[in-house]
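The structure appears right after this line, and notes come after that.
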Amino acid sequence: MTALPEELFNRDGAIYMGAQRDPAGCQVGLFGVPYDGTTSFRPGTRFGPAAIRQVSDGLETYDPQLDADLEDIAFADLGAVEISFGAPEPVVEAVRQATNAVLDLGLKPLMLGGEHSISSGAVAAVAERYPDLVLLQLDAHADLRESWLGGRHSHACAMRRCLEVLPSGELLQLAIRSGTKQEFQELQREQRLVGMQQLATRLQAIQGRPLYLTVDLDWFDPSVMPGTGTPEPGGYLWADFAELTALLQGQNLVAADVVKSLFHSFTAHQIEDKVLLPSSDPVARLKAISDLLSTPTTLRN
Ligand code: MN
Ligand code: MN
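With the working numbering applied, the sequence shown corresponds to residues 2 to 302, in that order.
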């Protein structure tokens with residue numbers, strides 16, 4: 002085991018509940034990538050990793066579904082990857098190097114984003130160790146564009162870039178519901194689109210193969226996950242995710258990322274102004290709440 006290169010990570014911030022700073026004896030290395038440079042709709046995913054750590058303190062460590070306790074798992078929070086805000090190419094490269102360093106420590110990488118453009122850096126590093134790697138994507142969007150808004154590393158091109166660094170070319174895209182006609186034609190042609198009903202069968206077919214799970218949080222329905230950069234109606238619920246996690250118990254999961262979490266908060270001041278004060282009429286109050294929910298991200302701390 003080698004030491005974590007100091008220059009790759011900023012280790013000043015808070016850590017995830019139950020994690021330790023020292024990677025010695027750990028199985029999983031969690032790290033954040035606070036980047037949202039190619040965001041096309043609601044910005045703020047650069048604050049995602051810090052926001053996830055902040056709310057993690059309010060969670061139970063015990064998961065009754067899996068009968069597993071986070072306190073029984075040794076995992077390290079390695080901090081935030083040092084990145085420069087701006088063009089995505091240097092960020093993707095920094096993520097590749099950081100993921101390599103985590104793998105050098107003998108840890109399974111678990112990356113918190115940030116937007117989806119960062120995934121190809123992590124997938125590249127993991128695929129170098131596991132040439133047989135299969136990628137499983139949860140997302141509302143196909144992310145198969147060649148370029149978007151002038152950039153090849155836009156979040157809308159995330160899976161196109163991942164395919165370029167995935168020697169097996171095996172990408173499973175779970176229940177994608179948004180994309181161009183060409184993207185959906187490719188999903189069908191390459192048999193990459195996996196419905197929830199086929200999930201168990203498709204996972205059985207890759208049993209034992211090294212698996213990378215990338216979770217774009219807009220896969221969830223906006224009713225359960227409003228805090229994401231590009232919400233889409235018609236998404237999935239916690240019960241669907243629980244079904245997936247149960248199926249993944251039998252799989253050789255070697256790395257994962259969770260991207261597009263958005264720091265989203267309503268201040269007491271806003272709630273007072275928009276919900277409590279305008280009227281006691283229920284219709285007017287409902288309209289005020291709906292206005293509040295469509296207010297762009299507010300960052301107050
Ligand atoms: Mn998406
Ligand atoms: Mn995506």
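Using N, Cα and C, we set each Cβ at its ideal position, and we do this for glycine too.
Item                                                                                                                                                                           : Value
Use the C-beta contact count for GLU116: other C-beta atoms within 10 angstroms, 16 or more gives buried, fewer gives exposed.                                                 : buried
Looking at the secondary structure, which residues open and close the alpha helix (DSSP H) in which PRO50 lies?                                                                : 49 to 57
Helix, strand or coil for LYS261, going by three-state DSSP, please let me know.                                                                                               : coil
Just checking: is the beta-carbon of ALA52 within a distance shorter than 8 Å of some beta-carbon in chain C?                                                                  : As a matter of chain content, chain C is missing from the structure shown, which is built from one protein chain.
Starting from THR215 and walking both ways along the beta strand (DSSP E), at which residues does that stretch end?                                                            : 211 to 217
On the DSSP bridge assignment, give the partners of ASP23 in chain order.                                                                                                      : According to DSSP, which records beta bridges pairwise, ASP23 is partnered with nothing at all.
Alpha carbons only, please: which of ALA75, HIS156, ALA243 is nearest the one belonging to GLY122?                                                                             : HIS156
Are the CB atoms of LEU173 and ARG203 within a distance shorter than 8 Å?                                                                                                      : yes
Does the segment 147 to 162 touch the segment 102 to 118, meaning 3 or more C-beta pairs lie closer than 8 Å?                                                                  : yes
State the Cα-Cα distance for the pair THR46 and LYS261, rounded to the nearest angstrom.                                                                                       : 6 Å
Looking at the structure shown, is VAL135 part of a helix, part of a strand, or coil, going by DSSP?                                                                           : strand
Answer yes if the segment 225 to 239 comes into contact with the segment 129 to 144, meaning at least three C-beta pairs across the two stretches below 8 Å, and no otherwise. : yes
Under the rule that 16 or more other beta-carbon atoms within 10 Å means buried, what is ILE74, buried or exposed?                                                             : exposed
If you draw a straight line from the alpha carbon of MET197 to that of PHE242, how long is it in whole angstroms?                                                              : 10 Å
For LEU164, which residues in the same chain have their Cβ closer than 7 Å to its Cβ, ignoring the five residues on either side in sequence?                                   : GLY170, LEU172
Does the Cβ-Cβ distance between VAL127 and LEU137 come in under 8 Å?                                                                                                           : no
What do you reckon, are the CB atoms on VAL124 and VAL82 nearer than 8 Å?                                                                                                      : no
When burial is assigned at 16 or more other CB atoms within 10 Å of the CB, is GLY107 buried or exposed?                                                                       : exposed
May I ask you to report which of helix, strand or coil DSSP gives VAL225?                                                                                                      : coil
Give me whichever residues DSSP pairs with TRP149 in a beta bridge.                                                                                                            : GLY152
To the nearest angstrom, how far is it from the Cα of LEU40 to the Cα of ASP105?                                                                                               : The sequence given here places Thr at residue 40; Leu does not occur at that position. So the alpha carbons of these two residues sit roughly 31 Å apart.
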